[in-house]
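Right, one structure below, let's go through it.
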Amino acid sequence: MDTFVDSSWYWLRYLDVNNQNKMCSPELSSKFLPVDLYVGGVEHAILHLLYSRFVCKVLEREKVLSGVKYPKDFSSLEPFAKLLSQGMVQGKTFKCSETGRYLKPTETEIKDSITIVKSTKKPANVTWEKMSKSKFNGISPEVVINQHGVDATRLFILYKAAPSDELPWDAKAIIGMERFLQRVKRLTQPTKKEETSKKLTKDKVFMATDLKYTANHAINEVTMALESTYSFPVAISELIKLTYKIEEAMKISSPSPQLIQTIEEAKNILITMLIPFSPKFASQILGKSPDQIQWPTVELDALKRNTETCVVMFNGRKIGTLQANETERMNGQTLKNLVLESGILSGINLNLEYSKVILAKEGRIINFLDGKSVKKSV
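The numbering of the sequence shown is our numbering, which starts it at 3 and goes up by one.
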């Protein structure tokens, strides 16, 4: 049998490997199944995942899984709750334009910005393809890690492309992540103690508020990326933005005690959230192992600072505006309730049961379509 079939029941057995009477106890199955996330390439999605579902249905039919309780949002037993098809790492690939033969990088050279075959002096075909020994486009992990470090390498991989996208390998870009980690490390180095001032000038108050907003926005985005969206490039981008904001705040002369406290809090948040992406680097700075560190939580009040004007429209026509913060703008139902509470829609014949609400420009525009418009659009 196909090896994918042979291993299509491990998701159940691994929970209770020492059970001599049953494949798995109903208590453990009910507690841990279905598996939260299945990560695999395309071949796994069409083979292993398919076989696992088949095995699950057979076991259910044969009463092997009797007594197992699944979450309410599952109408039947399933081995996995969510699938994430990962992209492939691609290497720069050279082929002979005449024979189609794959070439080793040493068989080519650059001349007048054109890659040519040394033996024929003719241009080579240059593409990005899945790394393979037969294509001579692979990269040794040991060489890369020894040169750039494991944390910078990991950061580059997670930042370069989303998990489901293809990743064109560019070793030169890892240097950017090395520099980022060096910037973060400089933030944690002891600096010359500046004279503090209790005088709260406008720029100090704004900076403290702005930094707190940036830190909490980062917590929200990074947590969401780790738990649900898996948008690791977005998460790392937020950490880079937070680093720049901390640097900006540290340039304020005679900082107030409030600003100093906010800076220290932001630093701790930054290093803590680097743990999933650069565990060795972050743990060394914090002086603790990852399992001893508590993940930061979002202060919702800090996110309410960033209010903007939201345009309210009815069938594409502007009928009013209201102020909404980013959290409210990003949640369609919350923004809709704000509009209803504002009274902007009063006097307008709108059947909410049949209406459709469209958000645009990150919640800066909300458009209500009445039932007639919805029927026409359908």
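A virtual CB, placed ideally from N, CA and C, is assigned to each residue, including glycine. This one's a predicted model, so the numbers in the text were calculated from it and none came from an experiment.
According to DSSP, simplified to helix, strand and coil, what is Ile346? coil
Pick from Val128, Phe182, Trp130 and Tyr12: whose alpha carbon is nearest that of Leu244? Phe182
Evaluate the contact criterion for the segment 101–108 versus the segment 44–64: three or more CB pairs, one atom per stretch, below 8 angstroms. no
Helix, strand or coil for Phe6? Go by DSSP, reduced to three states. helix
Residue from Val314, Glu267, Lys113 and Val44 whose Cα sits closest to the Cα of Gly89: Val44
Out of Asn369, Ser280 and Val19, point me to the one whose CA is closest to Thr155's CA. Ser280
With 16 as the cutoff for other CB atoms within 10 Å, does Asp153 come out buried or exposed? buried
Uninterrupted alpha helix (DSSP H) stretches inside the segment 172–249 (no shorter than 4 residues): 176–190 and 204–226
For Tyr72, does the three-state DSSP call read helix, strand or coil? coil
Determine the closest residue to Thr129 out of Arg63, Thr311 and Phe96, with distance taken between C-alpha atoms. Phe96
In or out: Glu330 buried (at least 16 other Cβ within 10 Å) or exposed? buried
Among Val300, Asn369, Ala220 and Ile238, the one whose alpha carbon lies nearest that of Cys312: Asn369
Grab the span of the alpha helix (DSSP H) containing Glu330 for me, first residue to last. Glu328 to Met332
For the 8 angstroms Cβ check, are there 3 or more pairs between the segment 167–176 and the segment 289–304? no
At which residue ranges does the segment 264–319 contain complete alpha helix (DSSP H) runs of 4 or more residues, listed in the order of the chain? Contiguous alpha helix (DSSP H) elements confined to the segment 264–319 occur at 281–288 and 302–305, taking only those with 4 or more residues.
Identify the continuous beta strand (DSSP E) that holds Glu2 and give its terminal residues. Examination of residue 2 is not possible in this model, given that the chain is present from 3 through 380 alone.
Relative to the C-alpha of Asn339, which residue among Ala326, Asn351, Leu241 and Gln260 is closest? Cα-wise, what sits closest to Asn339 is Ala326.
Pairs of beta-carbons, one from the segment 117–129 and one from the segment 141–149, closer than 8 angstroms: are there three or more? no
Distance, Cα to Cα, Lys120 vs Ile112? 9 angstroms
Tell me, to the nearest whole angstrom, how far the beta carbon of Ile254 is from that of Leu261; I am working on the premise that it is less than 8 angstroms. 6 angstroms
For Ser136, does the three-state DSSP call read helix, strand or coil? helix
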